[in-house]
Structure formats: C-alpha cells, structure tokens
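Under our numbering, think of the first position of the sequence shown as 5, with each following residue one higher.
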Amino acid sequence: MESVSLQRPAWKWQVLSLFSLCGWGWVTGQIRYSVVEESEVGTVVGNVARDLGLKVEELPGRRLRLGSEESLRYFAVHLDSGTLVVSQQLDRERLCGAAASCVLSVQVVTENPLQLFRLEVEILDLNDNPPSFPTAHRTLRIAESATVAARFPLESAQDPDVGTNAVGSYRLSPNSHFSLDVKQQQDGKLFPELVLERALDREEQPEMQLVLTAMDGGSPARLGTAQITVLVLDVNDNAPTFGRATYKVQIPENTRVGALLLRLNASDPDEGPNGEMQYSFGVHTSDSVRKLFTLDPHNGEVRVSGALDFEESPFYEIYVRAHDGGVPEMEGHCVLQVEVQDVNDNPPEVLLTSLLNPVPEDTPPETVVGLLNVRDRDSGVNGDVSLKISPDVPFTVRSLQNHFSLVTQKSLDRETTSQYVVELIAQDGGSPTLTTTLTLLLNVSDVNDNPPCFLQPSYDAFLPENSPPGTLLCTVSALDPDDGDNSRLVYSIESGQVQGAPTSSFVHINPENGNLYAQRTFDFEMLQVLPVSVAVRDSGSPPLHANVTVYIFLLDQNDHPPTILHPASDSDILAPQRVPLSAPPGYLVTKVTAVDEDAGYNAWLSYRLLPQSTDPSLFHMSLYTGEVRTARALQDTDMGTQQLIVQVTDNGDPPLSTTVTITVALEEAALEESYKPRDFLAGTKEKPDLTLYLIIALAAVSTVALATVTLLAARCLRRRGRAATSPCCCCWLSESPSRDFFKHSSPKLQLSSDGTLKYMEVTLRPTDSQSQCYSTCFSPGSDPSDFTFLRPCPRPATLPRETGAFLPATGTLRDPGQVSA
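Structure follows, in structure tokens:
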C-alpha cells in the first residue's frame, strides 16, 4: 500500500506539546487558559483568583462570579478556591466546527469595586472522530484513451477533528495503473487525486477495484476507507474544458435572491452527444454553498438562491463540473471563487453585563454602577460603534474599545429624584448609520441623611387639674423625608426631673403616634407649668433625632372651699365680739377674713349673713370686704347676745362655701372704749380707702395686660403667614379665649394674727403673654397706705419659653394715684 502525507512545520509540533497543559498566558492583556474537549465536569481550567491577584479570603466580599450567559453555560467558579472549572462537557466540533482555533470568551466580574475581566479558554481537540468518506463506494468511468498523467479528483475524507487530529494523509491500495497525489489548499485541506501512470486497455482490463484509505494525525491514528471501482470506457477522447481553471467574482451581501452571478461555458470539440454539455456542482462543493447558489445544468448560469451574510462567511468556493454526452462521458472542472462585500445591514448590539441597581444616594461621583459591551457584526467603518447617554441624567459613560462603564457624574439625592430613566444610544459609522437604544430604569436607594423635624417649634397643652391618669394632653408630630426604616419615627420623653421626680412619672408618650398622656392626677396648687422635653428619632443606621419642648399648663378647678382666717378659733365656740349699746349705725363690729387656695374666679370670695342669724336686720355685712357693721342704732329691747352666721362663698362653678358663727355681746357704754375693735387695715377716717385703690390698680394692670396679649396675637398671626411656606417646621399659636386671661388670675392674701391684711399677691396669667405678678406687703405698725410692689415675674411664654423668677424691687406707694401709673 502507498501512503502519502504532508509534513507539518516544526513549530506546530512544539505548540501541540503545550496543549496538554492547562496553563495560562497573557494575550493582549488577557488571561488565557486551555482545556481538552470531552473533559469531565469539574475539571479545573485554571485558578482565576490567583491569576487576577485576588486573595482567597477576599472572594466572598468581592463576589467573584461569571458575567455572561455563555460563560455560565460551560464553566463555573468555585468561591472557596477561586478556580475555574468545567460545568458541562465540551464538544469542540459542536462549538467551533472545523475552525482551526476554538476559543471561548469568559467574562469574570468582581464587586467592591465593580470590575470586569475577560478570559479566553481554548478548547483543545481530542482525536475522537475517525475520517469518513461521503460515499463509501464510488465508480469512476475512465476512457481507455485517457493519457498518461491524467488526473481524476476523488472525494476527500471528512474528519470533524482539527489540527493534527484531522485528516493528515491518504494511501491507495497497490495497482499497476494509478498512483495517488494529494493536494493542499490554502486553508490546509487535503484533496486526493488519482494519477494515471500507465495507459489503459479496456480489452486487457475493463475494470479495477481500488481502496482509498484516509488517516488522521492522532495518536493512535484513526482510519477511514472508500471502495473505488474504475470502469475503462471506450473512446470519447475529448473532455469538456473551461476557459479558466479559476473564476473570481465580487458581490455585495445584500444581493437579491435570483440575481445572476456568472455564466460558465465549457467547450468540447466532439460532435453529437459527445459534445453536449451538462453542468453540475463538483463533489467538493459544500452543502452550505449549494443552499446559497444554483447552477443551471444546461446553460451554466450561477445564480444567488439564498440570503448572503458577510458576517457569517465572507468567501465561498464553488466547484463546477461539466460533462459531455459521450459514452463514456468526459468531464471538465473549474472553481468559482465568490467574495462577499460587507454592507451596513446590522445595527449595533448593546449588552448589559453588570448593573448596580438600586444605586445608594450617597454614591460619590465617578463610581462605576454598570458595565456594558457594544458590538456590531459589520466590519470596517460599519462596525465602529460609539455610545451616547441621555443628557438629563447624573450619569455618563467611559469607553475602552468596545467596552463601556456607566459611572455617576453628580451626587444623587433620593428625596429629589428617586428614579432615573437612562437611555444608552449605540451608533455605528456606516452610511446611513444604524442605531440601537437600551433603556435602563435606575432606582436610587435611600440613605438616612435627613433628621426628623417637628411641625412646631414648641407645643402648648392645657390640662384641668384633677384630670384622671391617661388623659390625652396633646399630639406631637414630626416628619422625615427619608424612606422606609429611615423615616419610621419613634417618640420618647427625655430624662429630666420635676420637683425631684423623673419627668416620665408625670407623663407618658406613645412611641408610634406621638400622643402625650398624663401619668398621674395633677394639683394646680402644687404645680402650674410642667415643661416636658420630647425626643424623636428615626430607625436609620445611625439614627438621627430631634427635640421639642411641650409646655403643659395646669388649669385651676374649684376644688377648695374658702378658709376662714378671722375670726379664728381653735374651738367650736368663738370669743364674743363686744359692741356698746351706744354704737351708732355703721359701727364696725368685726371683719371676716377668708382665703381660697384656688386661683382666678375660683378664689374671688363674697360674704353674706344667713337668715338663721338671731336678728339679721340688726347688722349689715359688706359683700366683698367681709365687714360686719350695725345697720341701726341699738336698743335696750335687742337681745344681749346675737348669733351671726356668716357664709363665705367663692365664685367657682359650682361655688363652694364655708360658714362661721360669730357671737356679738351688746354691753353698756362704760365698756365701749376697752373693747373697741381695731378697724380693718388700721384704717382711719383721715386715710384713704386702700381696698378701693387696690381694685383700681388691678383693673389698670388687667387692661394693660389685655392690650399686650392682643398686640402679641396680631404679630404671631403675621408670622404664621410667613412661616406657612416653610417645608417642615412651622410656628403655631395656642389659641385660648380672652376670658382665660381673667380666669387664671390668683390673688393670695396673708393676714396678721389680729385679722388685719399683712400681704397680698395678685398674679395675672394670660395664656399668650407674660404673667404679671404684683405683691403688696403691710406691717402692723406702718401707715395703711404704705405697701411694697414686687417687679413683674415672667411665666413661660410661647416664643421664647424661659422659666422666670420673681425679681424683687421694693417701693413705697404714698399716693393712691400711683397705682394706675
């Protein structure tokens, strides 16, 4: 048997010796691995983490993973070791066909920071397929007039393997007439031909049986055979011939189906049937070419029968055979080479390989949030692609060849814009240009960057004393423009003390809705104003907070009856008041003095004699001063001992009262001087009535305070109009009726042991202005017109709120007219 093979360059054998190693190398700055096809699942291709300079302990944080669907189909990455392994059995022939090199592109993505690495994995061929012939038995008809050295093409064996594992040589079974010659095309493909070495003689040997064997270059080598029957025909000694052995044609890829490519013409000098031409595709014409082109068997016209695509194949070779009608028929051969010209018929493709969505609003500028690949199947200028981004978004793109990164260009604020529609427009350089638009919907995630804000700078709450625990005082409200847990607010009471007790023992707040409740029953006489500091914090990390002060003003209730100060007695029987029988009408018998622990209207007292008295017509009682005077001249017929029942009533609703029984003894005139009582306030007829002046002073102060409240209310209303445009906090007024101005006035009295007035304090508590507190002091030995004023003491006002103290400032009032001044 005869064996024919081609010698391969020595450097290819050196490369083949390296294919067995799963090594890596840098190709244009990329890592390249190789793996043999049909490797088992789990076969290690290479250590990606080590080759990328990553430490194994960093892998969970960097989230090393494959970034494309094609990569995930065949490979996987082990996070515990950073190795790239085979996840599906690889078949090189199915992946790359007959291509000389089979390289798969693998994209690896890491985060923190977000990076993209491109790897290349070359699939090495395994000699797993033997050569095979398209036809296992072929018959060749050769005229006996065939000249020595005539050549007869044979079918090439097909081997899906490549490289050394492809068909490497042919051999022909020994015979006396033919030899085997193997030609190599530009792509390295081998074509066997029979060469006639000795003239045929049909009469001597009309038929010959030959065996053609194809061998690949694998180790061990695989074989494939074909049976060839040579029939020697009688003389038809002129074969068809073409004008040229090779024809070349250029055609654009958008040529319509049915277009004429070329008309071939072969000639035969024979006459009759021996000169009639028939055209057909040669045995080397591939099936893909037969689908794209048609050949008219009668006139030799080659036409386009399918859609051409430069991107799929830019070059085709059509083998044409022409045979005559002689017996035996003679044939001629030529090659038609078709070059397909590129046309800009493919729009660009934008592939999103990785995207950070949502994007935290505190992401700094120039941060990569997405990775994209752009490609165009056209070539040359038609394949040059540029990528643009919509101008109204805070993002931009950075390019590196056909790879782009989407980066932030400005600072983000979720409270201003929580979502962006980003349009990426890819445009090629063809004419006309083709574009592709990719729309991304990027959400901005919230970061706790806004503290809560109360709707008011402060709050006023008014609570009647003796209200039961659990009474709703007021509701504080705050807003937070953040989202989710960052805007979920929790209210609380800040630690502090009031009268030695923690503030939380007085009030309680609902942490969810800000409702403030009383924890106990309050006594106005013990506490008038309770400032409470309320805090609000959000649920972000770290949490942000704000504070506001709530002023709880206790409103007095009429819960105390008047208390009799004079006449005072430690026993049930009071000492009698002695009155001379000669006392004229209007004679001062005594003065009843009482006080009330309540304030305002509830402390205004009135006096009257009850009908149960012994002789109510004999005496007259002042309604507001409590003075008891004789109503007429005394007579001998009047009873010597009179029982006066005095009722002291406050002005509350309902009113409370207290009674006292006074015994009056009528005596002779001789005893008049020794038992003459002192006039209330040590008054004399020459001295002006101090009580009248005090009333005038109170009326004047009340008028001035009411005017001040009206002026402050008007100013605050104007401020409310200006503050209405504030985005969060506003200034609010606590409204209260004008009658509360008077209702919360509380006079306080202190008497001497003999019943004379020693100290009077009048406090005016208007709800929206500063309290006015005036004190009057008397000494038993001083002039009744002399008293001391204390400077007005402020109470917590609405804006600002400061707890004031009495500031003493003394002065002597000699002229009653100074009171109104």
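C-beta: ideal position from N, C-alpha, C; glycine also.
- A311 and S173 have their C-alpha atoms roughly 36 Å apart.
- DSSP places Y628 in the coil class of the three-state scheme, outside both helix and strand.
- Excluding the 5 residues flanking it on each side, F466 has same chain C-beta neighbours closer than 6 Å at F557 and L559, in chain order.
- Checking the DSSP bridge columns, you'll see K595 partnered with E631.
- Relative to the Cα of N452, the nearest Cα in the group Q231, V425 and R492 belongs to R492.
- When the alpha-carbon of A505 is set against those of L531, D388 and D484, the nearest one is in L531.
- Sequence-distant Cβ neighbours of L416 in its own chain, meaning closer than 7 Å and more than five residues away, are V363, E365, T367, P398 and V448.
- Per DSSP, reduced to three states, the secondary structure at L340 is strand.
- Taking every protein chain shown into account, the CB of P273 has fewer than 16 other CB atoms within 10 angstroms, so this residue is exposed.
- For P164, the CB contacts under 6 Å within the same chain, skipping 5 residues up- and downstream, are E97 and N133 in chain order.
- By the criterion of a C-beta distance shorter than 7 Å, Q523 is surrounded in its chain by P473, S509, F510, V511 and H512, once the five residues flanking it on both sides are discounted.
- Rounded to whole angstroms, the Cβ separation of T567 and D600 is 7 Å, and the two are in contact under 8 Å.
- Our two residues, L613 and Q561, have alpha carbons roughly 26 Å apart in a direct line.
- Using a Cβ-Cβ distance cut-off of 8 Å, the region 187-202 and the region 235-243 are not in contact, since fewer than three pairs of beta carbons, one from each stretch, lie closer than that value.
- F195 is bridged by DSSP to K187.
- The continuous beta strand (DSSP E) containing G374 extends over residues V372 to R379.
- Within the same chain, and ignoring the five residues on either side of E62 in sequence, no residue has its Cβ closer than 6 Å to its Cβ.
- With a beta-carbon spacing of about 15 Å, L375 and A430 fall beyond the 8 Å limit used to define contacts.
- It is roughly 8 Å from the alpha-carbon of Y495 to the alpha-carbon of N517.
- Taking the Cα positions, N258 is about 32 Å away from V166.
- Inter-residue distance for D291 and I393 is about 45 Å (C-alpha atoms, whole angstroms).
- Counting C-beta pairs with one atom in each stretch, the region 329-346 and the region 245-254 have three or more that are closer than 8 Å, which means they touch.
- When only Cα atoms are considered, L128 and V39 end up about 6 Å apart.
- V411 has its alpha-carbon roughly 14 Å from the corresponding atom of T357.
- Counting of Cβ neighbours within 10 angstroms places I497 among the buried residues, the total reaching 16 or more.
- Here F623 is actually not in contact with V664; their C-beta atoms are around 14 Å apart, not less than 8 Å.
- Between the alpha carbons of D654 and P455 lies a distance of about 52 Å.
- One Cα belongs to S177, the other to L214, and the distance between them is close to 6 Å.
- Put simply, the region 94-110 touches the region 66-80. At least three CB pairs are less than 8 Å apart.
- N350 and L428 have their C-alpha atoms roughly 18 Å apart.
- Residues T443 and L445 of the same chain have their beta carbon placed closer than 7 Å to that of V425, with the five preceding and five following residues left out of the count.
- Distance between D346 and G65, taken at the CA atoms: about 46 Å.
- R636 counts as exposed, since fewer than 16 other C-beta atoms from the protein chains shown sit within 10 angstroms of its C-beta.
- In the DSSP assignment, A701 is bridged to no other residue.
- Assigned with DSSP and collapsed to three states, N447 falls in strand.
- Here the alpha carbons of N169 and G222 stand approximately 5 Å from one another.
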